[in-house]
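>
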Amino acid sequence: MTTEMNEAPAVETLTMAKAINRALRDAMSESNKVVLMGEDIGKLGGVFRVTEGLSAEFGEKRVMDSPLGEAGIIGTSIGLAMKGYRPVPEIQFDGFVFPAFNQITSQLSKMHGRTGKNFEVPVTIRIPFGGVIGSVEHHSESPEALFAHTPGLRVVTASSPHDAYWGLRKSIESPDPVIFFEPKRRYWMKGAVNFGHTNFDPFTAEVVRAGKDLTIATYGALVPVALAAAQAAQEGGYSVEVIDLRSISPLDVETVAESVNKTGRLVIAHEAPTFGGMGGELSASITERCFYSLEAPVLRVGGFHMPYPVAKVEEEYVPGIDRILEAIERSFTY
Amino acid sequence: MPEQQTTVEVPSNPWGIPARLQLLNEEAQLQHDDKFSPYVEDIDRETLQQVYRTMMLTRRFDDEATALQRQGQLALWAPCKGQEAAQVGSAFATRPEDFIFPSYREHGVAISRGIDPGELLALFRGVNTCGWKPQDHNFQAYTLVLAAQVPHATGYAMGLNFDADFGNERDPNSDEKPAVLAYFGDGSSTEGEVHESMVFAASYNAPVLFFVQNNQWAISVPFSTQSRVPIATRAAGYGFEGLRVDGNDILAVVAATRYALEKIRAGEGPVLIEAETYRLGAHTTADDPTKYRTNEELESRTLHEPIGRLEKYLRAQGTPDSFFEELMAEVKEYGASVRNSALNLQNPRFEDFFERVYASAHPLVQEEAQWFQEYQEGFEEQN
């Protein structure tokens, strides 16, 4: 390991898209059981160019430009996993995952249990998710709660190139199926990736900013937004802690509870509709654990109960700095 | 002046419906087919008697299971009565290394693959989701969401290709080329996953045999609602061969399956076989077929059921009465063992189901398992 470290710099600055590309490349180099499948992921390199160059490097068989059928992509990935492969299928956009919903929720999630633990199905499904890229309908959704509600699946997100690299590497290594949600509006955001961080645990939350008066828990594309809101609140005299949940299932409630026991206040932010979303789940878990530490009710900031709106008004729908600040203010009225 | 009328030539078979293969007709007389008869030439009377035996065991197993459900010993049963030739015949043509993805009615295939009655009944008695280890028999768990197993079979077959392409063969010195079989029915054939599977299988030249048992009824809906043409016709649209056989004719089923598997092993891509058969029983024990099909239909179909046809042929070939008498005694004993194996199935421990959800530790599942254990222990302390 030390010789490898000498050959390549242990830390490199990459965009999130490049970090994900590198994770796929490194996983494929390490094992010829890792195969990619998806619509337009080969020569084109995917609609976001995340898989660029991989087809040329590993060949068209390991980087499959699949026929256009999401149920087929996930269904055949399950069969490949049963044969001993570690498929990493890509769903082109969040809103296109639903033709594969049956295969994911009734087959992939249950296969290990229903075969009496005789088959592991280490399929990692990559899905670009979330909005604010000015796109058309079905291209900006956040369906993570639908998958988190399904036992047998692990659901992971990333908010930085470093977490995207290691989150994906560790998801591919996991013996369980993982839905890996990539915040598409952060694909071009740069950050340092430490390639020596081999004990990274993608199924845990991380405190990304320390504070003592209030906790914000969020994930994916909203992490930088929450950090900016925390900075703005600092100017108003509030010391705000920010937690990147990273993992949606399992949900690292312990890290959030530890923070809330200290701050007494919690605001949860996500792009997905508030009703039935992850915020409700985390809110209930924190209320159960931290009832006597809470100074205010847990508040949620999320999408409204409507289909993701058109691009011209999407910034009204997705929580921004001001809506998070409004929730912070509201918390302090109790 | 009226235009001169031109004669439009109407093709007799505009959709390319495949001819129906039959090698043993309803009267148990051999039919010759230049292409397919050679595929069953090696099958002597003794071998066919063994096939007959497996069909008889399947029939008895099925009748016992239906009775067990009526007695409240099974939650549900999906009878395969009438489909024994399609199931036992196709399984007979496979090799042990071939991997099979069944639907939920393939009891004759399961028995052919050496799965015990108790293992097979575990699902229907509510003690397990799969009573056997799939790898021990190369026979996957039953799948109850219709057609969901068909893309799995296709992906598994793509993996077999990769094994060769990437040098991951289990045994590089072996010439054996395994194939994959996906079983489904006429109802399932409508599901989109079947369509996508056939596209993927064709695009990746996957070594998979799509074996459709057309038993004419999807619970209460007749085949005519699923398709205007035999399902085998569809294969041409995907660019591979589709065969249509009399599914109650054991010889036709064996010949077609052997032919298809030979082709698949040679790397000549997927094949679709439609075995035209008939479900003599109910869809499941929760069904009442008298509400949607007539007694006349059932009676005429019963005349063409597969076991009687094979018995007639075997007797004509000189199988002695003693064979049938001994087999009847064995079948009776087997029926008793089926009942015993069902009643002796161990009830599962609820706690074990926490451990099945994930292959690696999951904090929420661990927390809930721990909570449940403490909750249970609370009752014990009170007692």
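Heads up: the sequence lines are chains A and B, in that order.
Be aware that the first sequence starts at 1, since it is given in our numbering, and climbs by one per residue.
Be aware that the second sequence starts at 1, since it is given in our numbering, and climbs by one per residue.
Cβ coordinates follow ideal geometry from the N, Cα and C atoms, glycine included.
Treat the numbers as computed from the prediction; the structure is a model and nothing was measured.
Going straight from the alpha carbon of Pro309/A to that of Phe147/A, what length do you get?
Stepping through the first sequence from its first residue, residue 309/A is reached at position 309. Stepping through the first sequence from its first residue, residue 147/A is reached at position 147. Roughly 22 Å between the two C-alpha positions.
> Is the shortest distance between the beta-carbon of Gly303/A and the beta-carbons of chain B less than 8 Å?
Walking along the first sequence from the start, residue 303/A turns up at place 303. Chain B, which has no Cβ nearer than 8 Å to the Cβ of Gly303/A, makes this no.
> Can you tell me the Cα-Cα spacing of Leu80/A and Thr47/B, whole angstroms?
Within the first sequence, residue 80/A is the residue found at index 80, counting from 1. Within the second sequence, residue 47/B is the residue found at index 47, counting from 1. In a straight line, the C-alpha of Leu80/A is about 36 Å away from that of Thr47/B.
> Quick one, which of Thr154/B, Pro320/B, Thr66/B, Ala316/B has its alpha-carbon nearest Glu193/B's?
Position 193 of the second sequence, counted from the start, is the residue given in the question as residue 193/B. Out of Thr154/B, Pro320/B, Thr66/B, Ala316/B, Thr154/B has the C-alpha closest to the C-alpha of Glu193/B.
> Please report the distance separating the alpha-carbon of Val318/A from that of Glu326/A.
Residue mapping note: residue 318/A aligns to position 318 of the first sequence, counting from 1. Residue mapping note: residue 326/A aligns to position 326 of the first sequence, counting from 1. Their backbone Cα atoms lie some 14 Å apart in a straight line.
> Note down, in chain order, every chain A residue with its Cβ under 9 Å from the Cβ of Cys80/B.
Walking along the second sequence from the start, residue 80/B turns up at place 80. Correct list: empty, because the minimum Cβ distance to chain A is about 21 Å.
> Is the Cβ of His149/A closer than 8 Å to any Cβ of chain B?
Start at 1 with the first residue of the first sequence, and residue 149/A comes out as number 149. Not one chain B Cβ lies under 8 Å of His149/A.
> Assuming Met278/A contacts Thr15/A under a Cβ cut-off of 8 Å, what Cβ separation, rounded to an integer in Å, is found between them?
Position 278 of the first sequence, counting from 1, holds the residue named residue 278/A. Position 15 of the first sequence, counting from 1, holds the residue named residue 15/A. The Cβ separation is near 26 Å, so there is no contact.
> Going straight from the alpha carbon of Met1/A to that of His305/A, what length do you get?
Position 1 of the first sequence, counting from 1, holds the residue named residue 1/A. Position 305 of the first sequence, counting from 1, holds the residue named residue 305/A. The predicted model places Met1/A with a pLDDT of 42, which falls under 50 and marks its position as unreliable; any figure quoted below should be read in that light. Using only the alpha carbons, I get a separation of about 50 Å.
> Output, in chain order, the set of chain B residues within a Cβ distance shorter than 7 Å of Ser174/A.
On the first sequence, residue 174/A is found 174 positions in, with the first residue counted as 1. Under the 7 Å cutoff, chain B gives Ser360.
> Excluding sequence positions up to five away, which residues of its chain have a Cβ less than 6 Å from the Cβ of Ala341/A?
Only positions 1 to 334 of chain A appear in this structure, which leaves residue 341/A out of reach.
> Touching or not, the segment 37-52 of chain A and the segment 105-122 of chain B, by the rule of three or more beta carbon pairs under 8 Å?
no
> So what does DSSP say about Met55/B, is it helix, strand or coil?
Here residue 55/B refers to the residue found at position 55 of the second sequence. It is helical.
> Between the alpha carbons of Thr150/A and Gly69/A, how many angstroms are there, rounded?
One-based indexing of the first sequence puts residue 150/A at position 150. One-based indexing of the first sequence puts residue 69/A at position 69. About 22 Å.
> Check distances from the C-beta atoms of the segment 106-136 of chain A to those of chain B and list, in chain order, the residues that come in under 9 Å.
Those would be Ser106, Gln107, Ser109, Lys110, Met111, His112, Gly113, Arg114, Thr115, Gly116, Lys117, Asn118, Phe119, Glu120, Val121, Pro122, in chain order.
> Does Val253/A pass the burial test, meaning 16 or more other C-beta atoms within 10 Å, or should it be called exposed?
Counted from its first residue, the first sequence places residue 253/A at position 253. Classification for Val253/A: buried.
> What does a CB cutoff of less than 6 Å around Gln317/B pick up in its chain, not counting 5 residues either side in sequence?
For the purposes of this step, residue 317/B is taken as residue 317 along the second sequence, with counting starting at 1. The residues are Arg45.
> Between the segment 85-94 of chain B and the segment 249-267 of chain B, can you find at least three pairs of beta-carbon atoms closer than 8 Å?
yes
> On the DSSP bridge list, what partners appear for Arg86/A?
The residue labelled residue 86/A in the question sits at position 86 within the first sequence. Beta-bridge pairing links Arg86/A to Val34/A.
> Could you compute how far the alpha carbon of Phe180/A sits from the alpha carbon of Gln103/A?
What you label residue 180/A is simply residue 180 of the first sequence in a count that begins at 1. What you label residue 103/A is simply residue 103 of the first sequence in a count that begins at 1. Roughly 16 Å separates the two Cα atoms.
> Less than 8 Å between the C-beta atoms of Asp37/A and Ile73/A, yes or no?
Stepping through the first sequence from its first residue, residue 37/A is reached at position 37. Stepping through the first sequence from its first residue, residue 73/A is reached at position 73. In the sequence as presented, Asp is not what sits at residue 37/A; that position holds Met. Closer than 8 Å, so yes.
> Nearest chain B C-beta to Leu146/A closer than 8 Å, yes or no?
As a position in the first sequence, residue 146/A is number 146, starting the count at 1. Leu146/A does not count as touching chain B.
> Would you kindly report the start and end of the unbroken beta strand (DSSP E) that includes Glu60/A?
On the first sequence, position 60 is the one that residue 60/A refers to. First-last for Glu60/A: undefined, no H or E at that position.
> Listing by chain order, which chain B residues have their CB less than 8 Å from the CB of Ile78/A?
Indexing the first sequence from 1 puts residue 78/A at position 78. From the beta-carbon of Ile78/A, the residues of chain B found nearer than 8 Å are Pro151, His152, Gly155.
> Report buried or exposed for Asp176/A, applying the criterion of at least 16 other Cβ atoms within 10 angstroms of its Cβ.
One-based indexing of the first sequence puts residue 176/A at position 176. Buried is the call here.
> Excluding five sequence neighbours on each side, which residues of the same chain lie with their C-beta closer than 7 Å to the C-beta of Glu305/B?
Reading the second sequence from its first residue, position 305 is the one you call residue 305/B. So the qualifying residues of the chain are Gly82, Asn248, Leu280.
> How would you label Met328/B, buried or exposed, when you count the other beta carbons within 10 angstroms and need 16 or more for buried?
Stepping through the second sequence from its first residue, residue 328/B is reached at position 328. With fewer than 16 Cβ atoms within 10 Å of its Cβ, Met328/B is classed as exposed.
> Give the straight-line distance between the Cα atoms of Val109/B and Trp15/B, rounded to the nearest whole angstrom.
Within the second sequence, the letter at position 109 stands for residue 109/B. Within the second sequence, the letter at position 15 stands for residue 15/B. If I take the Cα positions, the gap works out to 32 Å.
> How about Ala100/A and Ala56/A: do their beta carbons lie closer than 8 Å?
For this step, residue 100/A is matched to residue 100 along the first sequence. For this step, residue 56/A is matched to residue 56 along the first sequence. For Ala100/A and Ala56/A, no; Cβs fall outside 8 Å.
> Using a Cβ cut-off of 8 Å, pull out every chain A residue sitting near Val357/B, in sequence order please.
The sequence position of residue 357/B within the second sequence is 357, counting from 1. Near Val357/B (Cβ distances below 8 Å), the residues of chain A are His112, Gly113, Pro151, Gly152.
> By DSSP's criteria, Ile268/A is part of a beta bridge. Which residues make up the other side?
On the first sequence, residue 268/A is found 268 positions in, with the first residue counted as 1. Answer is Ala217/A, Arg300/A, bridged to Ile268/A.
> Name the chain B residues whose beta carbon is nearer than 9 Å to that of Met278/A?
In the first sequence, counting from the first residue as 1, residue 278/A sits at position 278. Within chain B, no residue comes near Met278/A; the closest Cβ sits about 13 Å away, beyond 9 Å.
> Any idea what DSSP makes of Asp176/A, helix, strand or coil?
Looking up residue 176/A in the first sequence gives position 176. Here Asp176/A sits in coil by DSSP.
> Compute the beta-carbon to beta-carbon distance between Leu214/A and Ile328/A, rounded to the nearest angstrom, for a pair I have assumed lies under 8 Å.
In the first sequence, the residue the question calls residue 214/A occupies position 214. In the first sequence, the residue the question calls residue 328/A occupies position 328. Confirmed, about 6 Å.
> In the structure shown, what three-state DSSP assignment does Arg20/B receive?
For the purposes of this step, residue 20/B is identified with residue 20 of the second sequence, where counting begins at 1. In this structure, Arg20/B counts as strand in the three-state DSSP scheme.
> Can you tell me the Cβ-Cβ gap for Pro207/B and Arg265/B, rounded? I've got them flagged as a contact below 8 Å.
What you label residue 207/B is simply residue 207 of the second sequence in a count that begins at 1. What you label residue 265/B is simply residue 265 of the second sequence in a count that begins at 1. Right, the Cβ-Cβ distance comes to about 7 Å (below 8 Å), so this counts as a contact.
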